[in-house]
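K.L.:
Sharing a structure with you now.
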Amino acid sequence: MINVAVIGSGTMGNGIAHVFAQHGFPVALIDISQPALDKALGTIAKNLDRQVAKGSLSEEDKTATVGRIRTFTSIAEGVRDVQLVVEAATENVDLKLNIFRQLDEHAPQDAILASNTSSISITKIAAVTQRPDKVIGMHFMNPVPVMKLVEVIRGYATSDEVTARIMDLSRQLSKTPTEVNDYPGFVANRILMPMINEAIISLHEGVAGVEEIDTVMKLGMAHPMGPLQLADFIGLDVCLAIMRVLHDGLGNPKYAPCPLLVNMVMAGRLGVKSGEGFYSWGHGTKDLVVAERFRK
């Protein structure tokens with residue numbers, strides 16, 4: 052069983068740590084903030100409790116899972132004896148490049164360095180290391196313990212051996228890995244984000260309201276949630292950042308972010324994380340309530 056390090060203890064990082072630990076892997080969870088690490092451990096414990104309550108996990112397995120996770124506030128200490136690192140920091144290219152420089156310096160030379168990025172070029176990330184053949188994308192879906200897909204992204208220099216190992220490792224996590232090549236947005240976000248952006252354009256141009264747009268996609272296209280609700284869950288700032296990656300990387304005006312999306316992000320209306328986006332999320336119930344600005 053290999054040792055794994057996860058960089059970043061936010062929603063994606065704690066989910067990735069949870070899944071690896073539940074499947075028997077020793078995990079070093081690394082973040083610059085000890086309070087963030089403590090919060091992540093609390094979140095993992097709560098999510099494991101839900102699995103126990105549903106009967107899909109025993110109390111003993113929960114205890115063993117938590118026991119496999121150690122926390123560190125230093126990258127150098129956390130990656131000292133690992134064979135795989137999965138970076139799950141904020142979707143910011145400069146931050147990720149800096150992290151990978153540190154990982155390349157401190158992780159064992161044979162360690163694979165993976166990024167959970169949803170849109171940033173794996174080839175660009177790999178270029179700041181001395182081991183581009185061992186750099187790969189491992190794009191997990193949110194919520195990580197539930198969603199089955201891992202989008203495995205090959206950079207320009209990623210070796211066949213490393214790709215095969217990550218595909219196999221993903222299967223060991225009871226996930227379904229899908230290999231894709233390194234182009235802006237990969238597959239998931241190259242298809243998803245323009246759809247979300249087009250939904251926002253439809254709202255912006257008055258084609259239909261928030262509820263109507265989401266209802267069409269849920270009932271007409273069998274989507275579990277509408278694109279505007281999904282955008283709120285993802286975070287409108289993240290949606291905007293990915294649209295800009297697509298627009299810059301592909302140079303096609305069809306990927307230009309909707310002005311309404313840009314304005315909402317500038318105004319701090321980011322969706323669930325800020326309490327309001329296309330819907331209002333601060334009312335304490337699970338009912339969908341359209342944000343006041345978009346009510347008819």
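Counting in the numbering used here, the sequence shown runs from 52 upward without gaps. Where a beta carbon is used, it is the ideal one built from N, C-alpha and C, also for glycine. No experiment lies behind these values; they were computed from the predicted model shown.
What first and last residue would you give for the beta strand (DSSP E) that runs through Ala104?
P.N.:
Translated into the one-based positions of the sequence shown, residue 104 becomes position 53. Run containing Ala104: none in the beta strand (DSSP E); it sits in the alpha helix (DSSP H), 85-105.
K.L.:
Can you tell me whether Lys347 is buried or exposed, with buried defined as 16 or more other CB within 10 angstroms of its CB?
P.N.:
The residue labelled residue 347 in the question sits at position 296 within the sequence shown. Flag for Lys347 reads exposed.
K.L.:
Rounded to whole angstroms, what is the Cα-Cα separation between Ser169 and Phe237?
P.N.:
Here the question's residue 169 lines up with position 118 in the sequence shown. Here the question's residue 237 lines up with position 186 in the sequence shown. For Ser169 and Phe237, the distance between alpha carbons rounds to 8 Å.
K.L.:
Could you tell me whether the Cβ atoms of Leu154 and Leu164 are closer together than 8 Å?
P.N.:
Residue mapping note: residue 154 aligns to position 103 of the sequence shown, counting from 1. Residue mapping note: residue 164 aligns to position 113 of the sequence shown, counting from 1. Contact: yes.
K.L.:
In terms of alpha-carbon separation, which member of Ile58, Val136, Pro310, Arg216 lies closest to Gln160?
P.N.:
Taking the sequence shown and counting its residues from 1, one reaches residue 160 at position 109. Gln160 has its Cα closest to that of Val136, out of Ile58, Val136, Pro310, Arg216.
K.L.:
Excluding five sequence neighbours on each side, which residues of the same chain lie with their C-beta closer than 6 Å to the C-beta of Gly322?
P.N.:
To locate residue 322, count along the sequence shown from 1; it is residue 271. Same-chain partners within the cutoff: Asp283, Gly286, Leu287, Gly328.
K.L.:
Closer than 8 Å is the cut-off here; do at least three beta carbon pairs connect the region 114-126 with the region 73-90?
P.N.:
Yes: at least three Cβ pairs fall under 8 Å.
K.L.:
Mapping DSSP to helix, strand and coil, what is Val340?
P.N.:
The count along the sequence shown starts at 1 and reaches residue 340 at position 289. Val340 falls in the strand class under three-state DSSP.
K.L.:
In the DSSP assignment, find the unbroken beta strand (DSSP E) run with Ser166 in it and report its ends.
P.N.:
The sequence position of residue 166 within the sequence shown is 115, counting from 1. It spans 163-166 - the beta strand (DSSP E) in which Ser166 sits, taken as one unbroken run.
K.L.:
Could you tell me the distance, in whole angstroms, from the CA atom of Ala307 to the CA atom of His298?
P.N.:
Taking the sequence shown and counting its residues from 1, the one referred to as residue 307 is at position 256. Taking the sequence shown and counting its residues from 1, the one referred to as residue 298 is at position 247. When rounded, the distance between both Cα atoms is 6 Å.
K.L.:
Heavy atom of the ligand ATP less than 7 Å from the Cβ of Ala104, yes or no?
P.N.:
Inclusion of the ligand ATP in the displayed structure is not the case, the ligand content being empty and no account of it being possible.
K.L.:
Unbroken alpha helix (DSSP H) runs of length 4 or more, entirely within the region 283-341: which are they?
P.N.:
Listed in chain order, the complete alpha helix (DSSP H) runs (minimum 4 residues) inside the region 283-341 are 287-301, 310-317.
K.L.:
Select from Phe345, Arg241, Ile83 the residue whose C-alpha is nearest the C-alpha of Lys257.
P.N.:
By 1-based counting over the sequence shown, the position of residue 257 is 206. Correcting the residue type first, residue 257 is Gly in the shown sequence and not Lys. If we check each option's Cα against that of Gly257, Phe345 comes out closest.
K.L.:
Give the DSSP bridge partners of Val136, in chain order.
P.N.:
In the sequence shown, counting from the first residue as 1, residue 136 sits at position 85. Note: Val136 sits in a beta bridge opposite Ala56, Leu164.
K.L.:
Assign Ala158 to buried or exposed, taking buried as 16 or more other Cβ atoms, counted over all protein chains shown, within 10 Å of its Cβ.
P.N.:
Taking the first residue of the sequence shown as 1, we reach residue 158 at position 107. When all chains shown are included, Ala158 counts as buried.
K.L.:
Which residue marks the beginning of the beta strand (DSSP E) containing Leu200, and which one marks its end?
P.N.:
To locate residue 200, count along the sequence shown from 1; it is residue 149. Where Leu200 is concerned, the enclosing beta strand (DSSP E) stretches over 200-205.
K.L.:
Give every residue of the same chain whose Cβ lies closer than 7 Å to the Cβ of Ile240, excluding the five residues on either side of it in the sequence, and list them in chain order.
P.N.:
For the purposes of this step, residue 240 is identified with residue 189 of the sequence shown, where counting begins at 1. Per the sequence shown, the amino acid found at residue 240 is Asn instead of Ile. So the qualifying residues of the chain are Ser169, Ser170, Ile293.
K.L.:
Assign Ala68 to one of three DSSP states: helix, strand, or coil.
P.N.:
By 1-based counting over the sequence shown, the position of residue 68 is 17. Here Ala68 sits in helix by DSSP.
K.L.:
Run the CB neighbour count on His255, radius 10 Å, all protein chains shown included, and call it buried at 16 or more, exposed below.
P.N.:
Taking the first residue of the sequence shown as 1, we reach residue 255 at position 204. Result: exposed.
K.L.:
Please report the Cβ distance between Met52 and Ala139, rounded to the nearest whole angstrom; I am assuming they are in contact, meaning their Cβ atoms lie under 8 Å.
P.N.:
To locate residue 52, count along the sequence shown from 1; it is residue 1. To locate residue 139, count along the sequence shown from 1; it is residue 88. No, Met52 and Ala139 are not in contact; Cβ-Cβ is about 21 Å, not under 8 Å.
K.L.:
Give, in chain order, every unbroken run of the alpha helix (DSSP H) that is at least 4 residues long and sits entirely within the region 104-132.
P.N.:
Counting whole runs of 4 or more residues, the region 104-132 contains the alpha helix (DSSP H) stretches 110-118, 126-129.
K.L.:
Closest to Ala56 by CA distance: which of Arg295, Asn167, Leu339, Val231 is it?
P.N.:
By 1-based counting over the sequence shown, the position of residue 56 is 5. If we check each option's Cα against that of Ala56, Asn167 comes out closest.
K.L.:
State yes or no: is the C-beta of Pro235 within less than 8 Å of the C-beta of Leu301?
P.N.:
Sequence index remark: in the sequence shown, residue 235 carries index 184 (1-based). Sequence index remark: in the sequence shown, residue 301 carries index 250 (1-based). Closer than 8 Å, so yes.
K.L.:
Applying the 10 Å Cβ sphere with the 16-neighbour rule, what's the burial state of Ser221?
P.N.:
Here the question's residue 221 lines up with position 170 in the sequence shown. With 16 or more other Cβ atoms within 10 Å, it is buried.
K.L.:
Assign Ser60 to one of two classes, buried (16 or more other C-beta atoms within 10 Å of its C-beta) or exposed (fewer than that).
P.N.:
In the sequence shown, residue 60 corresponds to position 9, counting from 1. With 16 or more Cβ atoms within 10 Å of its Cβ, Ser60 is classed as buried.
K.L.:
Out of Gly75, Asn98, Ser210, which has the shortest C-alpha to C-alpha gap to Asn232?
P.N.:
Taking the first residue of the sequence shown as 1, we reach residue 232 at position 181. For Asn232, the nearest C-alpha among the options comes from Ser210.
K.L.:
Please identify the residue among Glu230, Asp219, Val179 whose C-alpha is closest to the C-alpha of Gly188.
P.N.:
Position 137 of the sequence shown, counted from the first residue, corresponds to residue 188. Of Glu230, Asp219, Val179, the residue nearest in Cα terms is Glu230.
K.L.:
Sort out for me which residues DSSP pairs Gly236 with in a bridge.
P.N.:
Counted from its first residue, the sequence shown places residue 236 at position 185. Bridge partners of Gly236: none, in fact.
K.L.:
Could you have a look at Ile247 and say whether DSSP puts it in helix, strand or coil?
P.N.:
The count along the sequence shown starts at 1 and reaches residue 247 at position 196. Helix, per DSSP.
K.L.:
Please look up how many angstroms separate the CB atoms of Ala79 and Val130, rounded, as I've assumed it's under 8 Å.
P.N.:
Taking the sequence shown and counting its residues from 1, the one referred to as residue 79 is at position 28. Taking the sequence shown and counting its residues from 1, the one referred to as residue 130 is at position 79. About 7 Å; that satisfies the 8 Å criterion.
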